[in-house]
Amino acid sequence: MAWSARNATTKIKLSKKIISPNAYFPHKMKNKSNEVWIGDAQIANDPAYLSESNQEFHSLTVVQQLEDPSQVDLNSNRRDFLKYLGFGLGAATVAASCEIPVRKAIPYVIKPDAIVPGIATYYASSFAQGGDYCSILVKTREGRPIKIEGNSLSSVSKGGTSARAQASVLSLYDTSRIASAFRVKNGQIEKPASRNKKGPGWEVIDAEIMAALKATSQVRIVSPTIQSPTLKKAIADFTIAFPNTRLVTYDAISASALIQANEACFGEAVVPNYQFQNAEVIVSFEADFLGTWVSPIEYASQYVKNRRIEDLKNPKMSKHIQVESHMSLTGSNADNRIMVKPSEQGAAILSLYNALAALAGLPSQSGPSLAAEKSKKFKTLASTLFNAKGKSLVVSGSNNVGEQTLVNAINYLLGNYGSTIDFANASLQRQGIDKSVNDLISEMKSGKVDALFFMDGANPAWDIPRADEFATLSKKVKLKVSFSTVPNETSAICDYVTPTHHFLESWGDAQPKKGHYSLVQPTISPLFDTRQTEVSLLTWAKSAALDATSEQPALDYLMKHWETTIFPTQSRFAIFRAFWDSCLHDGIYEAPMALTSVPSFNGDVQKAASQVRKPVQNALEISFFETVNMGGGQYANNPWLSELADPVSRTSWGNYLAVPVKWEGGNKISSLNNINPREIYGEADIVDLEVNGTKQAVTAVRQFGQLENTVGLAIGYGRTVTGYMGKALGNNVGVNVYPWLSVDNQGNTQYYAINAKVSDPVDKEDLFACVQYHHAMGVTGKDPKTGETLNVDEKTSMTIGSGYQGGIVDRSIIYKGNLDELSELVHHVEEKRAEAAELNSKTLYPINEFVDNQYSQGHWWAMHIDLNACIGCGACSIACMAENNVPVVGKKEVGRHHEMSWLRIDRYFFGEYENPNTVYQPMMCQHCDNAPCENVCPVAATPHSSEGLNQMTYNRCIGTRYCANNCPYKVRRFNWLDYTKADMFAINEPTIANESLPFGADNLTRMVLNPDVTVRSRGVIEKCSFCVQRLQEGKLTAKKEGRALQDNDVRTACQTACPTGAIVFGDRNNKSGDLSKKLDNPLNYIVLEEIGVRSSVNYTAKVVNRSENLDA
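All residue numbers for the sequence shown refer to the numbering used here, where the first residue is 120 and numbers rise by one.
Given below as structure tokens:
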């Protein structure tokens, strides 16, 4: 008798009914002012969402697995089933009784001075990968780098980091790293491929490359932006030996037009220094400056300075307007979004210029125009900007020279140069010129290139629009060498791979801005037989500048360069060694340039107006955008970043076609109306997307804030070579959009396309990794007669207050308001908190008095999160994973609601459905002083400490999950599987993408683990601990120094990672500390305060500065 999956459930059935698109939104609704929603399924009253929100756990995962014959073969009779069951119980018993192997700790015979077992060592360094930059401190334990912290001494990053910087430590232990110099034949490294096998050796490879160079004349070095002055010096020294060498710099996500426009307008071929902190009005045309554009860590820190509400009596907040078609991370933080199609961006910029010119008495320029309704909005916007002359800032992410020239003209007209923009400290984080790589292709076609060298990060065989052509033409080039640390599409077309060190193994430097320098120093000896790029180039050039006899030639070369070029720029130190030691200790040397004069504008506005994009009518347009985790594709093989959900769409492990939510009268492209809303249980429609005659299948999701008749798709996915022999977790994840990009008549890459075609759904993706509806805190029900969403305990709510038992609308999860209604918001928050206090006082259990007395002495730890400063970038989430050994589970397990992240960032919408505002809310264990999880655990595995921490005792936990069931915030995570290969059963070990072992099973990968944090086993619960290991470290440090513990002695991993300072952790008993000041703010509130759990995490209500007359 076959086992039937239909018999596995009796109470709950998963509805597979497809919601009719016509019934999805029956009419064009305007949102109520007090409503907050998390996604389309909630608004549509999707039965799956209503069922999910009422369940404490994702109940039907097992049923779905049983229904899927491709995952489990259940064709067994009753006797075999009982046999398997008995074996499973017996095997588990045997495994539990197996003797643990003895592992001896062998002490150092001679202990290195820099290593004290159990004590962390920090090294100042720099994260400078292509255009990404921040000054960092690298935490090492017993010689292993395990964590990235921000360097607060840097005036560029100001102690902030990004998700990419936090995840960079994991790339050091990438199992796909190339272990030595190899020949490449037929697209594969000659000696496949284990990292334990060495190639022919550096001497052999050096000899072959040097012999080949003798027979060449024209050499081209292809590279992304090089921020290192010393590497540029090495290239210059190489050029001395090979005079016909030329550096070709390009960036996969280009700012080429911005650089060219600045050169034409001001004679400065750079990206200027933007100062968002000086701007009262910010207008951004498609520039995601908080997420990915140029220097987001720097800009985010500046931006939030004018977004915090410090003085409630005289509140001030900058006004931010974003002009775009898809909702970017920056757009989601904007006060207003004016939605225009990609082809209308140029016309929008020109419309704004003409409106400002009219106000200034200057002539207007003819060119493409917008519809009258949209044009009116830009006239209103012009008036707002004109009233903030000298205190405004307009930026654009366009890669059109004419449009960037008009933006320069707008800023010059507004008097922004010298206040919010300057060239004295110009940014050097984007230097690529797209035309240079197109010229290189022309040279290759003509046979004028004899040798190609590809710097680490350069991948033109994949990340340029003409990648296929580049790969084909490379066959004409005699010598091709890649310095990449990992296999990629370009190394596969090379003759040799000569891998450089990982930056955590290297000596180097960076210059992110004029007058701002930072050092890169090794934090671990090279793990493999690799060699720095500078040493390789100078060796092949037989340069006298390289001391080949030195034990550390890269260090010597670096120091010589600093001594001759940078040391003379300062007067503080008379001796170079003292200067060097100071810079090495601090990690930075800064000599910012003083602003001497405002540049003169010499741009041709009339010519620029004729160069802008021409709007296209009645065509489906697609925009291609960069995400905070994947970049241009260079981070595809980093599982931390792959698992990080995109802040806006809340999807991971792939790129997804963002289609607009259906509105009556909108979406004239019929196929868009036929795409069903995403289902709660990990399914989504797959459509065929055709652009420029090329078709690919892509998963589609509906996205609020996506302009009607437009779609959007992220760049950086669809890699095919990220590891050996085509096997790596970054391979074939998502779709590659680079072939869909085009090049304009000035050689610049365009990140949009017109006349795209989207088919009706052709299939369904069964493992759709979207976390948006996971762990929702709103409890909803459905009226059986009308189908409307109701508060499930509405009658009870009516008797105890204004309604706490229901959905997200009524629960105290998000408080928000507009700046001009700040007093009403303050009153509302105070009123709701008073109601909660009154509600919680009606109890026979004197918990409030007990808690106040219990923690009045000693430490009482708490946290505050400012929702006006949180931009949703995800740096805190990755920092938490790194600090606390949080496992990666992969796309399949994410789709089954099994992601393990201790800190999630919930995204909520409010305002109008067509174009909503957004609020991001980091949510971790709230460390409740009246925690409902603690008193339900049958083995007391989750006790409460004397300092207010909700703790976990892993070796006591038996996995009942009662605590997770009773947690109102849904922040506890259960280890469903064995992510570290700790037990003997392969069935319990999840694999990720193309890997054959669990993420944490490889010994190389395990080197990233923090030894101060227990690695959890299968079957136990885990959650945020407020970084208790850091608390203990701070206590020990204070004790050794003979002083009391201070707030700044202890900073959680999420707090140190945040580029905006949105998170503050401290002792609430310290009344003079930063935390206590935050808690006294009238806008401070506690999530779900009405249920009386006494949360230790507080939030500041969200305030926006929205103007109704600027709504799209």
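Just so it is clear, CB atoms sit at the ideal spot from N, CA and C, and this is done for glycine as well.
{"Item": "Inter-residue spacing [alpha-carbon to alpha-carbon] between N1189 and H978", "Value": "8 Å"}
{"Item": "Spatial distance of N1054 from N1069 (CA atoms)", "Value": "12 Å"}
{"Item": "Whole-angstrom C-beta distance between P391 and A545, which should lie under 8 Å", "Value": "5 Å"}
{"Item": "Stretch-stretch touch, CB-based, cutoff 8 Å, three pairs: the region 871–884 with the region 813–832", "Value": "yes"}
{"Item": "Assigned exposure category for D575 - 16 Cβ within 10 Å defines buried", "Value": "buried"}
{"Item": "Neighbour-count burial assignment, A355, 16 or more Cβ in a 10 Å radius", "Value": "exposed"}
{"Item": "T1277, buried or exposed, once every other Cβ within 10 Å from all chains shown has been counted against 16", "Value": "This structure cannot speak to residue 1277, because the chain is shown only from 120 to 1231."}
{"Item": "P618 burial status per 10 Å Cβ neighbour count (16 or more: buried)", "Value": "buried"}
{"Item": "Inter-residue CB distance, G993 and A282 (contact presumed, cutoff 8 Å)", "Value": "4 Å"}
{"Item": "Reduced DSSP category for P482 - H, G, I as helix; E, B as strand; rest coil", "Value": "coil"}
{"Item": "Test item: CB-CB of A528 and E399 under 8 Å", "Value": "no"}
{"Item": "8 Å Cβ cutoff met for K951 and A1220", "Value": "no"}
{"Item": "Option nearest K87 by Cα separation, candidates H1063, H1017, G853, L941", "Value": "Nothing about residue 87 can be read from this structure; the chain reaches only from 120 to 1231."}
{"Item": "Beta-bridge partners of N748, as assigned by DSSP", "Value": "Answer by DSSP bridge pairing: none, since N748 is not bridged."}
{"Item": "A570, DSSP secondary structure in three states", "Value": "strand"}
{"Item": "At least three beta-carbon pairs within less than 8 Å, the region 757–765 to the region 512–521", "Value": "no"}
{"Item": "Nearest neighbour of Y871, chosen from A476, Q307, I372 [CA to CA]", "Value": "I372"}
{"Item": "Touching by the beta-carbon criterion (3+ pairs, under 8 Å), the region 562–572 and the region 328–342", "Value": "yes"}
{"Item": "Between the CA atoms of V970 and R1213 - distance to the nearest angstrom", "Value": "9 Å"}
{"Item": "Whether Q464 touches F395 by CB criterion (8 Å)", "Value": "no"}
{"Item": "CB of K876 within 8 Å of CB of E809, strictly", "Value": "yes"}
{"Item": "Contained beta strand (DSSP E) runs [length at least 3] in the region 633–680, N- to C-terminal order", "Value": "635–639"}
{"Item": "The region 1188–1203 / the region 1162–1173 touching (three or more Cβ pairs under 8 Å)", "Value": "yes"}
{"Item": "Spatial distance of T411 from A1181 (CA atoms)", "Value": "19 Å"}
{"Item": "The region 487–507 in contact with the region 448–466 per 3-pair CB rule at 8 Å", "Value": "yes"}
{"Item": "Limits of the beta strand (DSSP E) - the one that A331 falls within", "Value": "Premise fails: A331 lies in the alpha helix (DSSP H), 321–333, not in any beta strand (DSSP E)."}
{"Item": "Cβ contact check for the region 619–629 and the region 648–658: 3 or more pairs under 8 Å", "Value": "yes"}
{"Item": "Cβ-based neighbour list, G845, same chain, cut-off 6 Å, excluding 5 preceding and 5 following", "Value": "Since pLDDT at G845 reaches only 49, below the 50 mark, its modelled position is unreliable, and no value is offered."}
{"Item": "Any 3 or more C-beta pairs closer than 8 Å across the region 1001–1016 and the region 1115–1135", "Value": "yes"}
{"Item": "Residues near E443 by beta carbon distance below 6 Å, same chain, minus five either side", "Value": "E405, G450"}
{"Item": "Beta bridge counterpart(s) of I873 as assigned by DSSP", "Value": "Answer is none; I873 lacks a bridge partner."}
{"Item": "Local conformation of P264 per DSSP, three classes", "Value": "strand"}
{"Item": "Cβ-Cβ distance between S244 and Q640 below 8 Å", "Value": "yes"}
{"Item": "Local Cβ density within 10 Å of R1092, reported as buried at 16 or more and exposed below that", "Value": "buried"}
{"Item": "For N392, the first and last residue of its enclosing beta strand (DSSP E)", "Value": "390–393"}
{"Item": "Coil, strand or helix - T715 by DSSP", "Value": "coil"}
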